[in-house]
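S.K.: Structure incoming, see below.
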Amino acid sequence: MIENFKNEVNKGLESNPKTLPSKYFYDKKGDALFVEIMNLPEYYLTRCELDIFQNKTQELVDAFGVKPNTYFELIELGAGDGTKTKELLKLLDSENYSFDYFPIDISSNALGLLEQDLNKELPNVSVQTKQGDYFEILATLKDSKKPKIVLFLGSNIGNMTDDLAAKFIYNLGANLQAGDKLLLGVDLIKANEIVRPAYNDSKGITAKFNLNLLDRINNELDGDFNLNHFKHQPEYDKNEGIAKSFIESTIDQTVEIKAIGKTYKLAEGEKIHTEISRKYNDKLVEKIIANTDFNLEAKIQDNKGYFADYILTR
Ligand code: AVI
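First residue of the sequence shown: 4, per the working numbering; consecutive thereafter.
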C-alpha cells in the first residue's frame with residue numbers, strides 16, 4: 004500500500020505537468036472534510052441525489068423492474084453512511100420486497116456504523132456488509148446467480164477519466180448477469196455559476212480537502228510541503244464539462260520527500276493536477292457505455308435537473 008503511494012506520488016511529481024491521484028484525498032482527515040463538503044450549501048450534488056431517493060423512490064423501484072415476491076440482491080459500491088440508500092430501503096421494506104442489502108466499502112469502520120444504524124432503524128432489512136475491493140467482492144457474489152441491482156452513487160464515476168469509467172462499467176458488467184441493473188448517479192453538465200462554487204466554497208473546506216493531500220504526503224512519506232506556499236486552484240468550463248482541481252505553488256520552491264529519497268522543484272504559479280470531477284449528459288453516458296454490456300433503461304432527475312440517476316440494464 005505504502006509502496007504504491009510512494010510510486011504514484013513520485014511518478015506524478017516527475018510528470019510534466021505534475022499530477023497527484025485524488026484517491027489519496029481520503030485519509031481520516033480527508034474523509035471528515037468530505038463529509039463537511041457534502042453538507043456545504045454550495046455542494047449541491049449530495050442534496051440533489053438525496054432528493055431523487057426521497058421523492059422519486061417509486062420511479063427508481065419501477066426502473067429496477069423488481070417485484071415484491073421475487074428475491075434480488077441490492078449491492079452498493081462505496082456505501083459510506085447510506086443516507087440516500089436508506090430512503091430506498093424504507094420503501095422496499097414497507098412494501099415487503101424480498102432482498103438482501105450488501106453495502107461494500109473500503110472502510111470497515113464506515114460499514115460497522117452503517118450496519119448498526121440500519122439494524123436500529125430498519126430491523127427487518129437484511130444487511131450483509133462486505134469490506135474490500137469492489138470487484139473482488141462482486142466476483143464472490145456472482146456465483147449466487149441471484150438477480151442483482153448495483154448502486155454506484157454520488158457521481159463517484161466522475162472522478163475517473165471517460166476511458167477508465169468505460170472500463171470500470173465494462174468490468175461491472177463482467178461480474179453481472181443479463182437483466183441485472185446498474186444505477187449510476189452522475190452530476191449533469193450545467194452553468195459555471197453553479198458548478199464552480201461547489202468546488203470552491205466560501206468557507207474554504209474544499210481548499211483544505213485538496214491541500215490535505217500534501218499533508219498526507221508530509222505525514223506518511225516524510226515530506227516537507229509547506230502548505231502556506233500552496234493554494235487550491237479549481238477550474239470548470241461548461242464547454243468541457245469537467246471540474247478540475249489543482250494545487251498551485253505560490254513561490255519558486257524545492258520540496259523533499261524523504262521516504263522516496265527525492266526532491267522536486269516547483270516554479271511560482273506551477274500547478275499540480277489533483278482531481279477531475281466529470282459532469283455528464285445523455286450523449287456522454289451513452290458514449291461511455293457504448294462498448295459495455297449495458298443499455299440505458301431510464302434517467303431519473305432531481306427537481307432542479309442538476310443530477311441524474313441513470314438506470315442501466317445488463
Ligand atoms: C467523491 N467525488 C464525487 C467528489 C466530487 O464531487 O468529485 C469529490 C470532491 N472533490 C471536491 N469536492 C468534492
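All C-beta atoms, glycine included, are put in the ideal place defined by N, C-alpha and C.
Entirely within the segment 77 to 148 and at least 4 residues each: give me those alpha helix (DSSP H) ranges in chain order.
M.R.: 86 to 97, 111 to 124 and 137 to 145
S.K.: Go through its chain and collect everything with a Cβ distance to K133's Cβ below 6 Å, but skip five positions before and after it.
M.R.: F105, I107 and I140
S.K.: How many angstroms separate the CA atom of I78 from the CA atom of I152?
M.R.: 6 Å
S.K.: Count the other CB atoms, across all protein chains shown, that sit within 10 Å of the CB of N178; report buried if there are 16 or more and exposed otherwise.
M.R.: buried
S.K.: Return yes when the Cβ of I250 is within less than 8 Å of the Cβ of H232, no when it is not.
M.R.: no
S.K.: To the nearest angstrom, how far is it from the Cα of N174 to the Cα of F138?
M.R.: Looking at the two C-alpha atoms, the distance is approximately 8 Å.
S.K.: Using the C-alpha atoms, what's the distance from L117 back to G33?
M.R.: 19 Å
S.K.: Helix, strand or coil for V288 per DSSP?
M.R.: DSSP places V288 within a helical segment (H, G or I) once states are collapsed to three.
S.K.: So, helix, strand or coil for F37, using DSSP?
M.R.: helix
S.K.: Determine, using beta carbons only, whether I291 and K247 come nearer to each other than 8 Å.
M.R.: no
S.K.: Mark Y74 as exposed unless 16 or more other C-beta atoms lie within 10 angstroms of its C-beta, in which case mark it buried.
M.R.: exposed
S.K.: From L43 to D296, what does the alpha carbon distance come to, in whole angstroms?
M.R.: 37 Å
S.K.: What residues are listed by DSSP as bridge partners for V189?
M.R.: A311
S.K.: Taking 6 Å as the limit between beta carbons, can you name the residues of its chain near D165, skipping five residues before and five after?
M.R.: I291
S.K.: In chain order, what are the residue ranges of uninterrupted alpha helix (DSSP H) at least 4 long that sit wholly in the segment 219 to 250?
M.R.: none
S.K.: Looking at C-beta atoms only, is the number of pairs between the segment 216 to 227 and the segment 254 to 270 that lie closer than 8 Å three or more?
M.R.: yes
S.K.: State the Cα-Cα distance for the pair I303 and G157, rounded to the nearest angstrom.
M.R.: 14 Å
S.K.: Closest to S97 by C-alpha separation, out of T60, D136 and G83, would be which residue?
M.R.: Taking only the C-alpha atoms, the option nearest S97 is T60.
S.K.: With respect to the alpha helix (DSSP H) encompassing R281, which residues constitute its N-terminal and C-terminal limits?
M.R.: Run containing R281: none in the alpha helix (DSSP H); it sits in the beta strand (DSSP E), K274 to R281.
S.K.: Specify the secondary structure class of T295 as computed by DSSP and reduced to three states.
M.R.: coil
S.K.: Can you tell me the Cα-Cα spacing of F37 and N162, whole angstroms?
M.R.: Roughly 14 Å separates the two Cα atoms.
S.K.: In this structure, does DSSP put Y267 in helix, strand or coil?
M.R.: strand
S.K.: Spatial neighbours of P71 within its chain, please: C-beta separation below 8 Å, excluding the five flanking residues on both sides.
M.R.: E98, N99, Y100 and S101
S.K.: Using 8 Å as the cut-off, can you tell me whether the segment 262 to 272 makes contact with the segment 11 to 23, which would need three or more C-beta pairs spanning the two stretches below that distance?
M.R.: yes
S.K.: Would you say the segment 19 to 32 touches the segment 203 to 223, given that touching needs at least three Cβ pairs under 8 Å?
M.R.: yes
S.K.: Under 8 Å, do D305 and C51 count as touching if we go by C-beta distance?
M.R.: Their beta carbons are under 8 Å apart, which means D305 touches C51 by this criterion.
S.K.: Please identify the residue among A113, A201, E90 and D146 whose C-alpha is closest to the C-alpha of D84.
M.R.: A113
S.K.: Is the separation between the beta-carbon of F56 and that of E6 shorter than 8 Å?
M.R.: In this structure, F56 lies away from E6, with their beta-carbon atoms at least 8 Å apart.
S.K.: Pull up the DSSP beta-bridge partners for E259, would you.
M.R.: Per the DSSP secondary-structure output, E259 pairs in a beta bridge with T266.
S.K.: Taking the Cβ atom as the reference point for each residue, do F67 and I314 lie within a distance shorter than 8 Å?
M.R.: yes
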